[in-house]
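What follows is a short report on a single structure.
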Ligand SMILES: C[S@@+](CC[C@H](N)C(=O)[O-])C[C@H]1O[C@@H](n2cnc3c(N)ncnc32)[C@H](O)[C@@H]1O
């Protein structure tokens, strides 16, 4: 089935054929991959279930679905969860941590991503806290090319993820139009920079040449007296118990069985009385939904489920963004869709 046929069919099944032409046009830029179609299909099913009228589906949302499916779904990255994050994204969660747990403590930021911008934010907002960022894909090498595009690599020099300096449609297309060849180019650039660096014991951790930069063990560049990082899977992480465990924008990639096991791991990482905050948070706690849990007498119990009000009349797409079938919190945060015209009247 072509992308266009798929979109037309979805329009008939989920929106009675009433999606606006500009929205359809944007959706037709969806990449021709099974996971991209499944992503849009789940979103359409949730919209239908919430009673969202077709006229509330904007061209901007169509563009977002196509763009996310083209650049950020694991299917674009060999099945790996991309390390993407955004500065300022969790500043309201940092405030929540201080409110619930005070001025001092130890916070584990599980799946911090890279560059670990939100963990750095937390270390500034919670000055008297020890902050530890944890991620399975903290890179061994970090390279910027002459155009400012960056790439992160594992220990074998394999390119794990890259992105343009300014992520526009064209700049993404330039890199991901032929992702294989971009990956090989970044790998060749790394090899050249490593040769220039040399491999003596005194080889520098940072190299600059011809407008390109290399950083070896790059998370060390971000460490501070109250901030350090551990490269580890959640499942195998061994560290001292924490007062707060935060895990954002990771569990959504996994199925229910993994999530249940993850709760056990979070509990193991918390001291008694400790707090778990986990969920999704797109930007500054807009397009957010998360759950807080308290560990009491060795047991993790939910305290509250919270979601931003824009879930009811979404401008973007996080409300409809699921990466697994049956994502429970996507259903919880959307008891009903409020048609945009009613909001305007209020
Ligand atoms: C989208 S980033 C989230 C970054 C940041 N927490 C945020 O909210 O912006 C997801 C991260 O999850 C990490 N990840 C996925 N599975 C993991 C696991 N089992 N253990 C540790 N990290 C994991 C990936 O390596 C990736 O960097």
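In our numbering, the protein residues as written are 2 to 347.
Ideal Cβ placement from N, Cα and C applies to all residues, glycine included.
Checklist entry - Quick one: is residue 153 buried, meaning 16 or more other Cβ sit within 10 Å of its Cβ, or exposed? => result buried
Checklist entry - Given residue 49, which residues of its chain have a CB within under 7 Å of its CB, disregarding the five upstream and five downstream residues? => result 15
Next on the checklist: Need the endpoints of the beta strand (DSSP E) that residue 305 sits in, please.
Outcome noted: 300 to 308
Next on the checklist: Excluding the 5 residues flanking residue 267 on each side, which residues of the same chain have their C-beta closer than 6 Å to its C-beta?
Outcome noted: 246 and 277
Checklist entry - Taking only runs of the alpha helix (DSSP H) that begin and end inside the segment 79 to 167, which ones reach a length of at least 4 residues, in chain order? => result 92 to 102 and 118 to 126
Checklist entry - Exposed or buried, which one is residue 120 when buried takes at least 16 other CB atoms within 10 Å? => result buried
Checklist entry - Start and end of the beta strand (DSSP E) containing residue 6? => result Taken as a continuous stretch (DSSP letters only), residue 6 belongs to no beta strand (DSSP E), being part of the alpha helix (DSSP H) at 4 to 16.
Checklist entry - Does ligand 1 have a heavy atom nearer than 6 Å to the CB of residue 234? => result yes
Item to check | Reduced DSSP category for residue 280 - H, G, I as helix; E, B as strand; rest coil | outcome: strand
Next on the checklist: Is residue 114 a contact residue of ligand 1, with contact defined as CB to any heavy atom under 6 Å?
Outcome noted: yes
Checklist entry - My guess is that residue 98 and residue 231 are in contact by the Cβ rule of under 8 Å, so how many angstroms apart are they, rounded? => result That pair is no contact at about 19 Å.
Checklist entry - So what does DSSP say about residue 228, is it helix, strand or coil? => result strand
Checklist entry - Can you find a heavy atom of ligand 1 that lies under 6 Å from the Cβ of residue 66? => result no
Next on the checklist: Taking a contact to mean a Cβ-Cβ separation below 7 Å, would you say residue 30 touches residue 55 in this structure?
Outcome noted: no
Checklist entry - Given residue 302, which residues of its chain have a CB within under 7 Å of its CB, disregarding the five upstream and five downstream residues? => result 294 and 295
Checklist entry - When DSSP builds the beta bridges, which residues end up paired with residue 297? => result 300
Checklist entry - Measuring CA to CA, which of 60, 128, 113 and 58 is closest to residue 82? => result 113
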